[in-house]
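Novice:
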Amino acid sequence: AGIVDIVERAMSEGGRQVAEVFDQVSPDSPIEQVVTAAHAYRQSDCDSLIAIGGGSAMDTAKAVNVLVTEGGDDLTRFIGVNNLTRSLKPLFAIPTTAGTGSEVTSVSVIKDTKRGAKVPLVSQYLLPDVAVIDPRMTLKLPPVITAATGMDALTHAIEAFICLGKNPMSD
Numbered sequence: 004a005g006i007v008d009i010v011e012r013a014m015s016e017g018g019r020q021v022a023e024v025f026d027q028v029s030p031d032s033p034i035e036q037v038v039t040a041a042h043a044y045r046q047s048d049c050d051s052l053i054a055i056g057g058g059s060a061m062d063t064a065k066a067v068n069v070l071v072t073e074g075g076d077d078l079t080r081f082i083g084v085n086n087l088t089r090s091l092k093p094l095f096a097i098p099t100t101a102g103t104g105s106e107v108t109s110v111s112v113i114k115d116t117k118r119g120a121k122v123p124l125v126s127q128y129l130l131p132d133v134a135v136i137d138p139r140m141t142l143k144l145p146p147v148i149t150a151a152t153g154m155d156a157l158t159h160a161i162e163a164f165i166c167l168g169k170n171p172m173s174d
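Under the numbering used here, the first residue of the sequence shown is numbered 4, with each subsequent residue one higher.
Below, the structure is given as structure tokens:
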């Protein structure tokens with residue numbers, strides 16, 4: 004849709020260069036895909052991440068950030084809550100859908116194909132450093148995706164308002 008080109012152009016105009024584009028993120032990314040992306044990051048000698056896309060792109064970038072900061076390829080040791088103990092590399096999140104809000108959460112959900120389940124990584128250190136909310140990034144979405152992610156956003160808002168764990172911030 005040309006969205007990556009927009010970001011690359013902005014980076015270039017700011018005197019920065021995009022070292023690598025990993026565009027093989029699938030819905031509900033499996034751990035193996037995260038490992039592949041981490042290898043690409045390391046091979047290109049990157050120093051930060053820019054996540055562009057929907058929830059899967061955001062969650063994948065967060066999980067990649069864990070591997071490239073902590074080292075190794077074993078993401079499973081970070082599954083669960085608060086298994087990270089230090090800040091990660093800089094992560095910039097640019098959502099292209101309205102649905103998940105993953106660009107402003109401290110959670111990453113990845114598919115563990117060996118367990119046959121989605122697994123969460125939860126830590127304050129997963130929160131992106133910057134979230135760029137630019138409605139122009141959603142303009143080339145197919146209408147059906149725009150509608151579905153808009154309804155997803157509405158569902159999350161309603162859930163945050165009526166759930167038992169609500170608080171003044173979620174309200």
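The beta-carbon is built from N, C-alpha and C at its ideal position, and this holds for glycine as well.
Roughly how many angstroms separate the alpha carbons of Ser77 and Val71, rounded to a whole number?
Specialist: Translated into the one-based positions of the sequence shown, residue 77 becomes position 74. Translated into the one-based positions of the sequence shown, residue 71 becomes position 68. What sits at residue 77 in the sequence shown is Asp, not Ser. Roughly 11 Å between the two C-alpha positions.
Novice: Short check: CB of Ala96 to CB of Pro146, under 8 Å?
Specialist: In the sequence shown, the residue the question calls residue 96 occupies position 93. In the sequence shown, the residue the question calls residue 146 occupies position 143. For Ala96 and Pro146, no; Cβs fall outside 8 Å.
Novice: The alpha helix (DSSP H) that contains Ala120, what's its start and end?
Specialist: As a first step, residue 120 must be located in the sequence shown, where it is residue number 117. Taken as a continuous stretch (DSSP letters only), Ala120 belongs to no alpha helix (DSSP H), being part of the beta strand (DSSP E) at Ala120 to Val125.
Novice: Just verifying my parser: in three-state terms, what is the DSSP assignment at Ala66?
Specialist: Counting from one through the sequence shown, the residue named residue 66 turns up at place 63. Helix at Ala66.
Novice: My understanding is that Thr152 touches Gly102, with C-beta atoms under 8 Å, so please give their C-beta distance in whole angstroms.
Specialist: Residue numbering aside, residue 152 sits at position 149 when the sequence shown is read from its first letter. Residue numbering aside, residue 102 sits at position 99 when the sequence shown is read from its first letter. That belief holds up - the Cβ atoms of Thr152 and Gly102 are roughly 4 Å apart, short of 8 Å.
Novice: When you compare only the Cα positions, how much space is there between Val21 and Ala4?
Specialist: To locate residue 21, count along the sequence shown from 1; it is residue 18. To locate residue 4, count along the sequence shown from 1; it is residue 1. In a straight line, the C-alpha of Val21 is about 18 Å away from that of Ala4.
Novice: Quick check on DSSP: helix, strand or coil for Phe95?
Specialist: Along the sequence shown, read from residue 1 onward, the residue named residue 95 stands at position 92. In the structure shown, Phe95 sits in a strand (DSSP, three-state: E or B).
Novice: Determine contact between the region 120–129 and the region 155–167, defined as no fewer than three beta-carbon pairs at a distance below 8 Å.
Specialist: The region 120–129 vs the region 155–167: no contact.
Novice: Check Ser3 in the structure and name its three-state DSSP category.
Specialist: No information on residue 3 is available, as it lies outside the stretch 4 to 174 that the chain covers here.
Novice: From the DSSP secondary-structure annotation, give me the bridge partner or partners of Asp115.
Specialist: Stepping through the sequence shown from its first residue, residue 115 is reached at position 112. Looking at the DSSP assignment, Asp115 forms a beta bridge with Ala120.
Novice: Flag this pair as yes or no: are the beta carbons of Ala66 and Ile113 separated by less than 8 Å?
Specialist: Numbered from 1 along the sequence shown, position 63 holds the residue referred to as residue 66. Numbered from 1 along the sequence shown, position 110 holds the residue referred to as residue 113. Contact: yes.
Novice: Determine whether the beta carbon atoms of Ser105 and Gly75 lie at a separation below 8 Å.
Specialist: The residue given as residue 105 occupies position 102 in the sequence shown. The residue given as residue 75 occupies position 72 in the sequence shown. It is not a contact, given that the beta carbons lie outside the stated cut-off.
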